[in-house]
Amino acid sequence: MAEGDEHSNAAQLIGGGDDNMFSAIDRDNVHALNITVPEDAKETIKPWDERESTDKYADSNVDDQMIIHIPFIQNVRLRTLLLKSGRGETTPRRLRLFANNANIIDFDAADDARPSVDIALQEGQTGVIEYPLRAATFANIHSLSLFFSNSVGEDVSRVYFIGFKGDIRAPRKEATDKLPIPAANAADAPLVDKVGEKRGAAQSLAK
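Numbering (the working numbering), first residue to last: 1391 to 1597.
See below:
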């Protein structure tokens, strides 16, 4: 598939699946630039069963440009972007994705940077749309910046739902890591301690 075809090719989503990346997103730290209510950025990150909800969304503020930064709790490999955007005049028609780019701190930086992918978004859709992503480009992701622009009405861009399909690159760290407990006596001491004692004894004999 040619890169241009990949950017514009999207299919109506049929279902979720075990590869949904909702649990891998650091939702509390999702933030955005140029949205009417800052807290609304994280409201676009919803569980799969709330994907069609229109109760919560993010609107751009002074114009139709909006950047949403999405960090992940650990590195992931992304294969698909899932998106439900606004209807009518609030539909953004362009989306630039920046992978692992900490320099996207304002719109000037975003305009100057080369995006990982530049997607022409579908218009006239009411449901969640699936956009395939190039596996090699999104193979080891810890953060993603989404730059929405070019809304139909040229005033406001709206986003209801952002999701991803993929897989986690590293195993999850257990929440209850056990701390080492000191041995009650020398017989129970860890092997590494006994090796250290032998080395110390050998050095004393050498003297």
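Just so you know, even glycine gets a beta-carbon here, dropped at the ideal spot from N, CA and C. Just so we're clear, the structure is a prediction, and the values are computed from it rather than from any experiment.
Cβ-based neighbour list, residue i, same chain, cut-off 8 Å, excluding 5 preceding and 5 following
{"i": "A1500", "result": "I1457, R1486, F1488, I1494, S1535 and F1537"}
{"i": "P1428", "result": "H1421 and A1422"}
{"i": "T1527", "result": "A1489, S1506 and V1507"}
{"i": "E1433", "result": "K1446, Y1447 and A1448"}
{"i": "N1465", "result": "N1530, I1531, H1532, I1558, R1559 and A1560"}
Residues of its chain near residue i, where Cβ-Cβ distance is below 6 Å and the 5 sequence neighbours each way are ignored
{"i": "D1408", "result": "none"}
{"i": "R1483", "result": "L1511 and N1540"}
{"i": "L1423", "result": "I1457"}
{"i": "S1413", "result": "none"}
{"i": "K1474", "result": "V1518, Y1550 and F1551"}
Range covered by the alpha helix (DSSP H) that runs through residue i
{"i": "D1502", "result": "F1497 to D1502"}
Residues of its chain near residue i, where Cβ-Cβ distance is below 7 Å and the 5 sequence neighbours each way are ignored
{"i": "N1410", "result": "W1438, G1553 and K1555"}
{"i": "A1529", "result": "R1467"}
{"i": "E1544", "result": "D1454"}
{"i": "A1387", "result": "Because the chain in this structure spans residues 1391 to 1597, residue 1387 falls outside the shown range and cannot be described."}
{"i": "A1431", "result": "V1420, H1421, A1422, I1425, A1448 and I1458"}
{"i": "N1451", "result": "N1424, I1425 and T1426"}
{"i": "T1444", "result": "Y1550"}
{"i": "V1546", "result": "D1449, S1450, D1454 and T1480"}
{"i": "L1523", "result": "L1468, R1469, T1470, L1471 and V1507"}
{"i": "K1436", "result": "S1443 and F1551"}
Contact check, residue i vs residue j, beta carbons under 8 Å
{"i": "D1416", "j": "P1461", "result": "yes"}
{"i": "Y1447", "j": "R1548", "result": "yes"}
{"i": "L1471", "j": "Y1521", "result": "yes"}
Endpoints, the beta strand (DSSP E) within which residue i is located
{"i": "S1535", "result": "I1531 to S1541"}
{"i": "A1521", "result": "The sequence given here has Tyr at residue 1521, not Ala. Per DSSP, Y1521 belongs to the beta strand (DSSP E) from I1519 to P1522."}
{"i": "N1465", "result": "M1456 to S1475"}
{"i": "G1553", "result": "R1548 to I1558"}
{"i": "I1509", "result": "V1507 to A1510"}
{"i": "F1488", "result": "P1482 to A1489"}
{"i": "A1422", "result": "H1421 to L1423"}
Nearest neighbour of residue i, chosen from the options [CA to CA]
{"i": "I1463", "options": "D1418, E1433 and R1441", "result": "D1418"}
{"i": "G1476", "options": "F1412, N1451 and T1516", "result": "T1516"}
{"i": "H1532", "options": "H1459, N1424, E1429 and D1453", "result": "H1459"}
{"i": "E1479", "options": "V1542, D1557 and S1413", "result": "V1542"}
{"i": "I1519", "options": "A1503, A1526, R1441 and V1452", "result": "R1441"}
{"i": "E1513", "options": "A1526, T1481, L1523 and R1524", "result": "T1481"}
{"i": "D1557", "options": "R1469, S1506 and P1505", "result": "R1469"}
Residue i: CB within 7 Å of a non-hydrogen atom of the ligand ADP
{"i": "G1556", "result": "Judged by which ligands are present, the structure shown has none, so any question about the ligand ADP falls away."}
Any C-beta of chain C under 8 Å from that of residue i
{"i": "T1426", "result": "In summary, chain C is missing from the structure at hand, where a single protein chain is found."}
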